[in-house]
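Enquirer: Protein chains in written order, with our numbering: chain A, 103 to 409; chain B, 8 to 246. Before I ask anything, here is the structure I am working with.
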Amino acid sequence: MAHITIAASAQAFTQIFNAVVANFQFSKSDSGSFGPFSASYSVALHLEDGTVQLNDDNTIEVKDVEIVFDTLDVQVCFQIPGWCVGGFCIVPDPWNGCLVSFPGFCVPPGGGTTICIPLDLSGLVSEISDLQASLVPIYYVDPARLPGWSDLDAELNGHPNKWRIFIDPVWVDVDPIDIPATVDNLLENLVKDAINNLIPGWVPGWARDLLWALIGPILDLIKDILGIVGDISQWLSDLLGQTFDLLGAIETAVADYFASKYPIYEFEDPYPILPASAGLIPVKIPIRNLSAQVNSKEMVVTANVGA
Amino acid sequence: MIMQMTLDPNLFTQIGLDSGSLTMLGAVIHSFPDPGEYRGVVRQGEEPETPFYISSDKKSAVAQVSIDLASLTKLPAEPEGCCEESKNRFIVNPKGYVVFYVSAGAGGYTVQVRKAEEDPKLKIFDNRELQEGDLFSAIIIRPGTYSITNLLTRAKGQVTVAYPKIGKTPYRPPNPVNVDCTKGAIEPENLELQPAQGLNFNIKAPSRIKIDLLKADDGPSPPGEVVKPGWKKMTLPKD
Chain A
103 MAHITIAASA
113 QAFTQIFNAV
123 VANFQFSKSD
133 SGSFGPFSAS
143 YSVALHLEDG
153 TVQLNDDNTI
163 EVKDVEIVFD
173 TLDVQVCFQI
183 PGWCVGGFCI
193 VPDPWNGCLV
203 SFPGFCVPPG
213 GGTTICIPLD
223 LSGLVSEISD
233 LQASLVPIYY
243 VDPARLPGWS
253 DLDAELNGHP
263 NKWRIFIDPV
273 WVDVDPIDIP
283 ATVDNLLENL
293 VKDAINNLIP
303 GWVPGWARDL
313 LWALIGPILD
323 LIKDILGIVG
333 DISQWLSDLL
343 GQTFDLLGAI
353 ETAVADYFAS
363 KYPIYEFEDP
373 YPILPASAGL
383 IPVKIPIRNL
393 SAQVNSKEMV
403 VTANVGA
Chain B
8 MIMQMTLDPN
18 LFTQIGLDSG
28 SLTMLGAVIH
38 SFPDPGEYRG
48 VVRQGEEPET
58 PFYISSDKKS
68 AVAQVSIDLA
78 SLTKLPAEPE
88 GCCEESKNRF
98 IVNPKGYVVF
108 YVSAGAGGYT
118 VQVRKAEEDP
128 KLKIFDNREL
138 QEGDLFSAII
148 IRPGTYSITN
158 LLTRAKGQVT
168 VAYPKIGKTP
178 YRPPNPVNVD
188 CTKGAIEPEN
198 LELQPAQGLN
208 FNIKAPSRIK
218 IDLLKADDGP
228 SPPGEVVKPG
238 WKKMTLPKD
């Protein structure tokens with residue numbers, strides 16, 4: 103039988119868990135080239151809300167934790183083609199081909215121009231749909247503790263060893279980033295602006311209109327260049343989530359954070375029972391064999407007093 | 008900083024065309040059915056002439072030689088007949104065609120080509136006086152109504168170029184329209200074109216085709232721009 107048993111109710115555990123969640127922050131940026139286009143992103147996010155359930159099989163299940171993207175800046179760069187006029191047939195050949203054609207000209211001369219479209223998707227929300235974990239105690243030796251120090255020296259210098267209890271995820275499942283369909287309009291307008299900015303101001307209105315007629319519908323142009331078959335929002339979600347593996351990076355960061363960065367509880371070892379007073383040193387007991395488990399009602403931490 | 012496209016302003020400011028003074032929007036096509044060596048010169052306004060050479064050679068498989076007059080006039084001068092592989096030397100099959108065109112710049116080019124070994128005064132091709140069998144090919148990109156005049160026969164015609172419309176698919180100009188320039192007429196006399204649609208003039212009598220803008224079409228008013236009826240204060244020029 104364990105010498106020490108401490109219990110925290112499911113509600114108390116939830117409050118502890120909420121504090122852990124609230125402290126999570128993640129940021130990352132990356133860039134890559136993908137054939138017809140290149141892209142980069144910069145993301146900063148935090149977690150909010152969520153429910154936690156303790157199970158009798160000693161597991162913890164976390165659901166519906168919101169991932170709030172405080173910053174989600176995406177930039178997509180691609181080459182818009184040149185628009186050529188001419189090239190029509192002047193003298194056809196007898197086989198329905200063309201013997202002589204008008205050389206024509208292209209705008210701009212020599213081909214396409216690269217444009218970069220910055221998309222500010224900050225404020226989007228995704229969620230950790232499922233996180234399964236168990237509790238794991240880890241003995242922490244403070245790296246700042248000097249080898250010659252006694253336990254008392256370590257306590258007095260603020261670097262005692264500790265038992266720490268972490269939530270150790272078995273799996274973390276983050277939902278794909280739900281980019282709203284309105285991103286189509288956003289992208290369309292940004293590309294339109296970018297092309298407008300490419301056209302020098304002195305170009306007369308009729309020539310601009312001819313150029314826009316040659317370009318055709320902007321969304322079709324974007325899809326054609328970027329090779330998008332379905333929705334742009336889905337493509338963008340896949341670009342971030344799958345191609346850049348942002349979802350994987352978030353899942354890993356969440357798992358790593360719960361498992362080793364932020365303990366839900368920690369005990370000093372040796373554990374102080376009586377503080378120093380009247381010239382006497384504090385009374386501390388060494389804690390051994392600490393284990394942490396859950397059932398549907400509470401978290402139970404047990405330990406022995408060791409030598 | 009916003010990067011802008013480099014566009015040739017001449018494309019948008021040189022609205023009219025003249026087969027005897029070529030710009031980016033026009034090209035003349037000539038065939039050299041007699042095998043042999045030809046010497047040509049290209050001039051741009053008062054600038055010194057630039058020579059070039061064409062070999063009409065039965066052994067050549069080339070059916071179309073496109074000679075960019077703008078590039079040709081920028082080449083450094085070479086002594087006549089100096090180099091076999093010179094950039095101002097072209098080879099074409101006698102059944103093929105030579106296309107004289109302008110890739111960039113202000114244009115205003117005239118071209119003359121004669122047989123190299125014969126009487127230098129005998130001009131066998133001059134784009135200011137196209138002959139039967141020649142072709143003049145034009146693109147009109149500015150919407151509006153234009154007159155077509157054959158300056159040598161005084162034959163006249165008219166062409167209307169529609170204002171571009173942004174459709175559900177990218178606009179591609181339709182196939183070119185063929186026009187016959189006979190001794191007394193330009194047929195058909197009235198043409199309707201889409202913007203940037205080609206116009207091929209088949210020369211059947213001595214011709215110099217001039218296309219002039221009569222009335223510009225600046226398209227519909229921008230959405231939301233309502234012209235109010237009634238009196239409006241006029242803005243007087245400052246000077």
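C-beta: ideal position from N, C-alpha, C; glycine also. None of the values given here were measured: they were computed from a predicted structure.
1. What does B/Tyr-116 reach in chain A if we use C-beta pairs closer than 9 Å?
2. Can a CB atom of chain A be found closer than 8 Å to the CB of B/Ser-144?
3. Beta carbon of B/Lys-217: closer than 7 Å to some heavy atom of the ligand MN?
4. What does B/Leu-14 touch in chain A if you count any residue whose Cβ is under 7 Å from its own?
5. What separation, rounded to the nearest whole angstrom, lies between the Cα atoms of B/Met-8 and B/Leu-18?
6. Which residue comes first and which comes last in the alpha helix (DSSP H) that contains A/Lys-294?
7. Mind checking A/Ile-383: buried by the 16 CB within 10 Å criterion, or exposed?
8. Quick one, are the C-beta atoms of A/Asp-280 and A/Ser-228 less than 8 Å apart?
9. Could you name the residues that DSSP lists as bridge partners for A/Tyr-364?
10. How many angstroms separate the CA atom of B/Ile-146 from the CA atom of B/Leu-79?
11. Could you give the DSSP three-state label for A/Ile-383: helix, strand or coil?
12. Hey, could you find the ends of the beta strand (DSSP E) B/Phe-107 is sitting in?
13. Are the C-beta of B/Gln-11 and some C-beta of chain A separated by less than 8 Å?
14. With three or more C-beta pairs closer than 8 Å as the rule, is the stretch 353-362 of chain A touching the stretch 122-141 of chain A?
15. Taking the C-alpha atoms as reference points, what is the distance between B/Ile-61 and B/Phe-97?
16. Considering B/Asp-224, what are the terminal residues of the beta strand (DSSP E) in which it resides?
17. So, for A/Phe-207: in the same chain, excluding its five sequence neighbours on each side, which residues have a beta-carbon less than 8 Å away from its beta-carbon?
18. Write down the C-beta distance between B/Pro-177 and B/Ala-203 rounded to the nearest angstrom, noting that I regard them as a contact closer than 8 Å.
19. Taking 6 Å as the limit between beta carbons, can you name the residues of its chain near B/Thr-30, skipping five residues before and five after?
20. Give every residue of the same chain whose Cβ lies closer than 6 Å to the Cβ of A/Pro-183, excluding the five residues on either side of it in the sequence, and list them in chain order.
21. Would you check if the stretch 273-291 of chain A and the stretch 141-157 of chain B touch, i.e. whether three or more CB-CB distances between them fall below 8 Å?
22. Please state the DSSP three-state secondary structure of A/Val-187.
23. Establish whether the CB of B/Met-8 and some CB of chain A are separated by less than 8 Å.
24. CB-CB under 6 Å to B/Gln-11, same chain, minus the five flanking residues each way: which ones, in chain order?
25. Against chain B, does A/Leu-318 count as a neighbour if the rule is that its beta carbon must be under 8 Å from one of theirs?
26. Taking Cβ-Cβ distances shorter than 7 Å, what residues in chain A pair up with B/Pro-202?
27. Does A/Trp-314 come out as helix, strand or coil in the three-state DSSP assignment?
28. In the DSSP assignment, what are the bridge partners of B/Pro-58?
29. Determine which residues of the stretch 195-208 of chain A have a Cβ less than 7 Å from any Cβ of chain B, and write them out in chain order.
30. B/Asp-25 versus chain A: which residues are under 7 Å apart at the beta carbon?
31. Relative to the alpha-carbon of B/Val-184, which residue among B/Asn-207, B/Arg-215, B/Lys-163 has its alpha-carbon at the smallest distance?
32. What residues in the stretch 218-229 of chain B have a beta carbon less than 7 Å from any beta carbon of chain A?
33. Please report whether the beta-carbon of A/Val-293 lies at a distance below 8 Å from any beta-carbon of chain B.
34. Excluding the five sequence neighbours on either side, which residues of its own chain have a C-beta within less than 7 Å of the C-beta of A/Ala-104, listed in chain order?
35. With a cut-off of 8 Å, do at least 3 Cβ pairs link the stretch 299-318 of chain A to the stretch 239-258 of chain A?
36. Can you tell me where the beta strand (DSSP E) with A/Asp-94 in it begins and where it stops?
Expert: In brief:
1. Chain A residues near B/Tyr-116: none, gap ~14 Å exceeds 9 Å.
2. Interface residue, yes.
3. This structure lacks the ligand MN; in fact it carries no ligand of any kind.
4. Around B/Leu-14, the beta-carbon contacts reaching into chain A at under 7 Å are Val-209, Pro-210, Pro-302, Val-305.
5. Any reading at B/Met-8 must be qualified, since the residue scores a pLDDT of 48, below 50, and its modelled position is unreliable; the value itself is stated next. Computed Cα separation, rounded: 26 Å.
6. From DSSP, the alpha helix (DSSP H) with A/Lys-294 extends over 285-300.
7. Counting other Cβ atoms within 10 Å of its Cβ, A/Ile-383 stays below 16 and is therefore classed as exposed.
8. Yes.
9. According to the DSSP secondary-structure assignment, A/Tyr-364 is paired through a beta bridge with no residue.
10. The straight-line gap from Cα to Cα measures roughly 22 Å.
11. Correct three-state label for A/Ile-383: coil.
12. Here the beta strand (DSSP E) through B/Phe-107 covers 104-108.
13. Chain A contact via Cβ: present.
14. Flag = yes, the stretch 122-141 of chain A and the stretch 353-362 of chain A touch.
15. C-alpha of B/Ile-61 to C-alpha of B/Phe-97: approximately 5 Å in a straight line.
16. Going by DSSP, B/Asp-224 is part of no beta strand (DSSP E) at all; its letter is neither H nor E.
17. Within the same chain, A/Phe-207 has close Cβ partners Cys-186, Val-187, Gly-188.
18. Contact flag wrong, Cβ pair sits at about 12 Å.
19. Only Gln-21, Val-109, Gly-114 meet the Cβ criterion.
20. Only Gly-214 meet the Cβ criterion.
21. Using a Cβ-Cβ distance cut-off of 8 Å, the stretch 141-157 of chain B and the stretch 273-291 of chain A are not in contact, since fewer than three pairs of beta carbons, one from each stretch, lie closer than that value.
22. Three-state result, A/Val-187: strand.
23. Note that B/Met-8 has pLDDT 48, beneath the 50 cutoff, so the model's placement of it is unreliable and no number is given.
24. Within the same chain, B/Gln-11 has no close Cβ partners at all.
25. Note on identity: in this sequence residue 318 of chain A is Gly, with Leu being the wrong assignment. So, interface residue.
26. Within chain A, the residues placing a beta-carbon under 7 Å from that of B/Pro-202 are Leu-312, ordered along the chain.
27. Collapsing the DSSP output to three states places A/Trp-314 in a helix.
28. Paired residues: B/Val-48.
29. Listed in sequence order: Leu-201, Val-202, Phe-204, Pro-205, Phe-207.
30. Below the 7 Å Cβ cutoff, chain A contributes no neighbours of B/Asp-25, its closest Cβ being approximately 17 Å away.
31. Closest by alpha carbon: B/Asn-207.
32. Correct list: Asp-225, Gly-226.
33. Answer no: the Cβ-Cβ gap between A/Val-293 and chain B never drops below 8 Å.
34. Here the set comprises Thr-404, Ala-405, Asn-406.
35. Proximity of the stretch 299-318 of chain A to the stretch 239-258 of chain A falls short of the contact definition, fewer than three beta-carbon pairs being nearer than 8 Å.
36. This structure leaves residue 94 of chain A out entirely; chain A is present only between 103 and 409.
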